[in-house]
Amino acid sequence: MKNKHSGIIALMNVFFACAMAVFVSYIVIQLGQALTVPFGLPEETVVVRVLKSGPGSGDIESISNEMIDLLKNSDTTLVYLDNDYGIGVYDPTGYYASDPLVLGDYFAAGDFGQRIASVLVKLDSPMHRMLTHGSTIVNGAIVSVKGVYGKGHALYTRGQSYVYSFSSTTSLQGTYYFCNNSAAALEILALLNKNGYTCSVIPSKQSVGSALRDVYFVSITAGLIFIYFNCFLAYYVLLSRYETFFSIHLRFGATKMTLLARLVAAALPAVSIGSLLGVTVFTSIFRSFFDGLTSSLVWIPITIATGIASSTLLIVIAFFTQRFWGAKVGQL
Amino acid sequence: MMTQLAFALKDIWRKPIVFVFFAIQLTVPIFFCCLSLIQVVDSVQYIRHVNQVSDYKVVFFSPQIGTMRQWRISQGAKELLVATLDEARRGYSVVETVKLRDYPNLNIVIGLGAFVEVFQLRNDSKESSKPLVLIGHDVDALQVGSTVEFGRRNTTDLTVSSRLPQGASYVMPGGLKSLDKSLIILTEAESMMDYFFNDWEYGVQIVTNTCLISPTGTEMSEFVTRMRNETGMALNPIDLGAYAEQHYQGNFYGVLYLLVFFGITMVYVVVGIVTNTIQLLDSRMTEYAIHLLSGARMWHLCSRIVIYLLLLVSLPILAVSWLLFLMFRIPLPRLIGVVPPLVLFVILLASFPLVRLYNTDIVSHLRSDD
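What follows is the structure, encoded as structure tokens:
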């Protein structure tokens, strides 16, 4: 194969690998997010979205007290994502007690039963900056700070700045994560319903099908098909330049398979170098983007392998579909 | 030219599926490229502006919605705002819902406190305590020197002192806001309350839109505590930089990710179209030779190829532009602006096949054994 043509194949594969990297990493990110239960909770977690939909008899404090009483009789850990910037937890069994904190201690079991305002604050958040003499201000009120958590903690999110004991919640709307489908969880839903809240149970994990059923996945797949088609077209035109070369070899005893083997052997280094280069460039540009979305790097070898395999397959198809096979085989 | 159009249509008619397939191939990446590009530009502008004001270490406040029913604006709250925004100039705030009686359709932005300094708007003509009026670059209803009546309780006539350069804007947590089509009134919190006395709506807006500049932990604590006591609002401070990083930087990489993909798709589609056009040329060489011998000129053959490509490209580009114009509420007459890039794109696509056509001895194809 001519050096010029090897260069063209390598260049095409740089772009081809980048496109493949988008496709594969998109699937990995979507599946990773869909198949992971948030906050490091177990698979049997029940997720409920709660909205105020009508008038109710009880105030927030009395309802939350009733909820705490129901939770006390079970071993259910509750994580509550409010609609502001906090995360409420009810965790007397210490589900998150072993997670590392930057400073201070996790809540004691007794903190979850009392309406005493104490919080964990996120490192470098404004709540952390307002920390003086062991207290900060949350929702305009002074609260004592038990500890400071960072990125390594299971309750760390980009949007929330503090974690508080659910017993001191000032709101009931938001998303509830019950670590198991206990009777207490069902009773809490009934209690919320009775008080004018609408509870909708949502799956803690999505199915693979629903995770990939979005407009971007469909359009990326369509884009990839277009890339495959046009890549095939380019290979087809490139190989058509070798008509005389193939004819001479066929006349002197070569077979189609030996020609194909030679062609693949000649093209493979260019395909591999192009794919490696494409994935390397892509990964270095989007490294910070992936840091926040997936820790798995499994997509990198998958992309390189898929890129090389599919590009080689296209070369093989382009080879077999050349017009000059047939009547003119072996003729000069 | 009509003859060449007829020939180009004949070329399409011979392989309509190929034509339609390439048209679809163009439509998808052009649409997503444009959409991603618009979002990338938005994100870049927002991040750039946040970086410009990053030295100020701006902190904004998110009010806790649950306390909304208790909100009030007391005298103490007004004093705190005056002290923070006007006297110490430790922050800025914005009121965006005021309307002027004489210009009800004009977008009004009232900037308070250190708004001018943070967003580097011109302030050289502010001499008196009267509010300063500036107009955005694209405002036609008013000119420099025009007079507007401002206020509800007390009113005053204000003269537009200058026009802002194009692209002037300010940053709010919700996004970058352009001042190009706005009338900007720069005043002080105290004057604002004087002009719109007891107007609860504007008072709440001033508090909720207040951003503090490089506040210490103590300053934030004091502001939040006093606001809780004076207004009933439970404010939670949020770093503008961290917010921008979370919302816009993530978005920026997300759309850049798609832009790269559809950009690559676009490159491959262009390569495909050029390859397809060259194959079309190769299969029509005998026909071209007969045309040349029958009196046609080279430019006739070239125009046939250009028309073919124009028909192939114009439909997807116009369809995508029309859709995007509807999505972003851009007046449809501006579709005319799409014509120059369309022509450039056709020239780009046609250049390689045309060079090949010029370099081919077309008549020799009549002597071919094929």
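As given, the protein sequences belong to chains G and X, one line each in that order.
The opening position of the first sequence corresponds to residue 1 in the working numbering, with each subsequent residue numbered one higher.
The opening position of the second sequence corresponds to residue 1001 in the working numbering, with each subsequent residue numbered one higher.
We treat Cβ as the ideally placed atom computed from N, Cα and C, and that holds for glycine.
Model, not experiment: these values are computed from the prediction.
What residues from chain X crowd round residue i, counting only those whose CB sits closer than 8 Å?
i, result
"G/Leu131", "Gly1217"
"G/Asn230", "Gln1025, Tyr1268, Val1269, Val1271, Gly1272, Thr1275"
Which residues in chain X sit within 7 Å of residue i, going by Cβ to Cβ distance?
i, result
"G/Ile220", "Phe1261"
"G/Gly253", "Correct list: empty, because the minimum Cβ distance to chain X is about 26 Å."
"G/Arg158", "Gln1246"
"G/Gly223", "Val1028, Pro1029, Phe1261, Phe1262, Thr1265"
"G/Val22", "Tyr1257, Val1260, Phe1261"
Does DSSP classify residue i as helix, strand or coil?
i, result
"X/Pro1104", "coil"
"X/Leu1176", "strand"
"G/Val14", "helix"
"X/Val1020", "helix"
"X/Val1144", "coil"
"X/Asp1370", "The pLDDT assigned to X/Asp1370 is 49, lower than 50, so where the model puts this residue is not dependable; a value taken from the coordinates is nonetheless given after this. X/Asp1370: coil per DSSP, three-state reduction."
"X/Cys1302", "helix"
"X/Asp1282", "helix"
"G/Thr198", "strand"
"G/Lys52", "strand"
"X/Gly1263", "helix"
"X/Leu1212", "strand"
"G/Asn65", "helix"
"X/Glu1188", "coil"
"X/Asn1276", "helix"
"X/Glu1149", "strand"
"X/Asp1239", "strand"
"G/Pro92", "coil"
Distance, Cα to Cα, residue i vs residue j?
i, j, result
"G/Tyr95", "X/Ser1074", "45 Å"
"X/Pro1063", "X/Gly1203", "14 Å"
"X/Pro1331", "G/Val215", "27 Å"
"X/Val1020", "G/Gly278", "31 Å"
"X/Val1098", "X/Met1192", "11 Å"
"G/Leu332", "G/Thr244", "Caution is warranted here: a pLDDT of 48 is assigned to G/Leu332, below 50, making its placement in the model unreliable, and the coordinate value is therefore given only provisionally. Roughly 6 Å between the two C-alpha positions."
"X/Asp1370", "X/Met1285", "Only weak support exists for where X/Asp1370 lies, its pLDDT of 49 falling under 50; the coordinates are left without a value."
"X/Gly1167", "X/His1049", "11 Å"
"G/Leu120", "X/Cys1033", "43 Å"
"G/Phe16", "X/Leu1318", "28 Å"
"X/Val1313", "X/Val1346", "7 Å"
"X/Leu1310", "G/Ile220", "26 Å"
"G/Met130", "X/Arg1228", "15 Å"
"G/Asp124", "G/Phe229", "50 Å"
"G/Ala97", "X/Val1041", "44 Å"
"G/Tyr80", "G/Ile8", "55 Å"
"G/Val14", "G/Pro42", "41 Å"
Anyone know if the C-beta pair for residue i and residue j falls short of 9 Å?
i, j, result
"X/Val1320", "X/Thr1027", "yes"
"X/Thr1187", "X/Ile1135", "no"
"X/Val1139", "X/Lys1181", "yes"
"G/Ser163", "G/Gly88", "Going by the sequence as given, residue 163 of chain G is Val instead of Ser. Against a cut-off of 9 Å, the Cβ pair of G/Gly88 and G/Val163 comes out as a contact."
"X/Ile1264", "G/Cys199", "no"
"X/Ser1093", "X/Leu1112", "yes"
"G/Val102", "G/Gly40", "no"
"G/Ser25", "G/Ala266", "no"
"X/Leu1354", "X/Cys1302", "yes"
"X/Phe1060", "X/Leu1179", "no"
"G/Phe226", "G/Leu314", "no"
"X/Leu1335", "X/Phe1328", "no"
"X/Gln1205", "X/Glu1096", "yes"
"G/Gly113", "G/Lys72", "yes"
"G/Ile60", "G/Ser171", "yes"
"G/Phe178", "G/Thr321", "no"
Applying the 10 Å Cβ sphere with the 16-neighbour rule, what's the burial state of residue i?
i, result
"G/Leu297", "exposed"
"X/Tyr1358", "exposed"
"G/Ser62", "exposed"
"X/Gln1143", "exposed"
"X/Gln1052", "exposed"
"G/Val208", "exposed"
"X/Glu1230", "buried"
"G/His133", "exposed"
Using a cut-off of 9 Å between C-beta atoms, extract the partners of residue i located in chain X.
i, result
"G/Gly152", "Per Cβ cutoff of 9 Å: no residues; G/Gly152 is ~18 Å from chain X at best."
"G/Leu78", "Chain X residues near G/Leu78: none, gap ~19 Å exceeds 9 Å."
"G/Ala234", "Tyr1268, Val1271, Gly1272, Thr1275"
Starting from residue i, find everything on chain G with Cβ-Cβ shorter than 8 Å and list it in chain order.
i, result
"X/Met1220", "Pro126, Arg129, Met130, Ile137"
Using a C-beta to C-beta distance shorter than 7 Å, which residues of chain G count as neighbours of residue i?
i, result
"X/Ala1234", "Asn139, Gly140"
Would you mind telling me which residues of chain G sit closer than 9 Å to residue i, beta carbon to beta carbon, in chain order?
i, result
"X/Asp1239", "Asp124, Ser125, Pro126, Arg129"
"X/Ser1062", "Asp84, Tyr85"
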